[in-house]
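Working notes for the structure below.
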């Protein structure tokens with residue numbers, strides 16, 4: 030198959046491109062070309078801008094398009110409309126943040142979605158989830174049954190630019206007494222970017238439509254950290270920080286891959302699993318993420334050792 034990927038050089042898109050190549054497909058990526066990439070030479074690079082400069086896509090045909098870089102509905106509609114007669118299927122990468130607040134767990138694909146208080150908003154930082162909802166609808170309006178919507182949760186693995194999961198892999202590898210938020214019973218879900226990429230490649234090559242929560246299995250935070258430690262070959266002594274302790278130390282809201290009592294961290298993946306999503310153990314993700322971080326020099330997004338040591342000293 031000939032497949033176009035809008036984006037595709039950094040993280041989720043990168044792993045999708047590699048998964049498609051492994052399956053023998055021909056891949057074109059459309060980017061602004063402002064940063065280099067280390068994708069294989071056989072990938073066709075097309076340059077332009079999603080907002081008004083789609084000339085490199087005109088007059089071309091592909092079997093399918095995967096949109097991994099759409100955040101603003103007006104911009105997504107441009108590419109979706111241009112490609113309507115040029116591709117059979119349009120896969121849009123959305124997010125579990127599309128679900129409206131205040132819902133009981135677990136979250137399935139048919140739950141209520143977020144809405145924009147200002148329909149004209151293009152403020153991704155403020156309206157990320159609601160804008161993704163509008164992007165989904167733009168794609169569905171144009172493609173109907175030829176639309177595929179994938180809603181990932183927290184994504185981890187090599188090449189992760191956020192440093193969220195990487196923080197825990199690096200910290201666990203250092204061993205010793207390590208701080209962790211909560212009491213260990215809050216739920217988190219992490220999916221390996223390589224599993225996400227493989228799932229999307231499968232949806233494209235089998236021409237599967239629908240909407241899918243692409244998330245990892247729910248883990249308590251204690252089980253999550255145990256899996257990470259197992260993957261990197263250490264046994265840190267986790268010291269749990271209650272909310273009161275976090276507030277007293279000004280250590281609230283700084284812990285990646287952690288959001289206490291958040292419904293979007295208890296999302297149901299059954300529909301995706303039935304459609305072919307396969308998940309590797311978190312320990313494998315931790316092992317490979319640590320190896321990549323050490324090789325690349327990538328850091329984590331959480332508190333550094335100096336700050337952690339200061340908090341430990343205050344706790345006594």
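Numbering (my numbering), first residue to last: 30 to 345. No residue lacks a Cβ here, since even glycine has one placed at the ideal position from N, Cα and C.
Unbroken beta strand (DSSP E) run spanning residue i, endpoints
i: residue 58; result: 55 to 60
i: residue 178; result: 176 to 181
i: residue 32; result: 31 to 35
Alpha-carbon to alpha-carbon, residue j and residue i
i: residue 266; j: residue 223; result: 30 Å
i: residue 187; j: residue 321; result: 6 Å
i: residue 185; j: residue 333; result: 19 Å
i: residue 209; j: residue 283; result: 11 Å
i: residue 295; j: residue 303; result: 18 Å
i: residue 204; j: residue 273; result: 25 Å
i: residue 76; j: residue 40; result: 18 Å
i: residue 214; j: residue 95; result: 36 Å
i: residue 73; j: residue 108; result: 18 Å
i: residue 336; j: residue 32; result: 46 Å
i: residue 250; j: residue 211; result: 8 Å
i: residue 310; j: residue 253; result: 11 Å
i: residue 197; j: residue 90; result: 43 Å
i: residue 285; j: residue 88; result: 44 Å
i: residue 116; j: residue 301; result: 23 Å
i: residue 327; j: residue 192; result: 8 Å
i: residue 316; j: residue 259; result: 8 Å
i: residue 338; j: residue 264; result: 18 Å
i: residue 257; j: residue 93; result: 36 Å
i: residue 69; j: residue 44; result: 12 Å
i: residue 65; j: residue 42; result: 14 Å
i: residue 314; j: residue 200; result: 15 Å
i: residue 129; j: residue 135; result: 13 Å
i: residue 120; j: residue 207; result: 41 Å
i: residue 174; j: residue 62; result: 32 Å
i: residue 371; j: residue 312; result: Because the chain spans 30 through 345 in this model, residue 371 falls outside it and cannot be assessed.
Boundaries of the alpha helix (DSSP H) in which residue i is found, first to last residue
i: residue 138; result: It is not in any alpha helix (DSSP H) - residue 138 carries neither H nor E in the DSSP assignment.
i: residue 156; result: 153 to 172
i: residue 42; result: 41 to 51
i: residue 329; result: Neither: residue 329 is in no alpha helix (DSSP H) and is coded neither H nor E.
Contact belief for residue i with residue j at Cβ below 8 Å, rounded distance in angstroms
i: residue 225; j: residue 177; result: Going by Cβ atoms, the distance from residue 225 to residue 177 rounds to 13 Å, so no, they are not a contact pair.
i: residue 142; j: residue 228; result: Not quite, the Cβ-Cβ distance comes to about 22 Å (not below 8 Å), so this is no contact.
i: residue 101; j: residue 151; result: 5 Å
i: residue 105; j: residue 167; result: 5 Å
i: residue 261; j: residue 202; result: 4 Å
i: residue 124; j: residue 55; result: Going by Cβ atoms, the distance from residue 124 to residue 55 rounds to 28 Å, so no, they are not a contact pair.
i: residue 297; j: residue 195; result: Incorrect: roughly 26 Å between the Cβ atoms, too far for contact.
Beta-bridge partners of residue i, as assigned by DSSP
i: residue 185; result: 221
Length-filtered (3 minimum) beta strand (DSSP E) runs lying within the stretch 242 to 326: Taking only runs of at least 3 residues, the beta strand (DSSP E) segments lying wholly in the stretch 242 to 326 are 266 to 270.
Start-end ranges of the alpha helix (DSSP H) lying completely within the stretch 65 to 148, minimum 4 residues: Runs of the alpha helix (DSSP H) lying entirely within the stretch 65 to 148 and spanning at least 4 residues, in chain order: 102 to 111.
Every unbroken alpha helix (DSSP H) within the stretch 189 to 241, with a cutoff of 4 residues, ordered by chain: Unbroken alpha helix (DSSP H) runs of no fewer than 4 residues, entirely contained in the stretch 189 to 241, are found at 193 to 203 and 222 to 234, following chain order.
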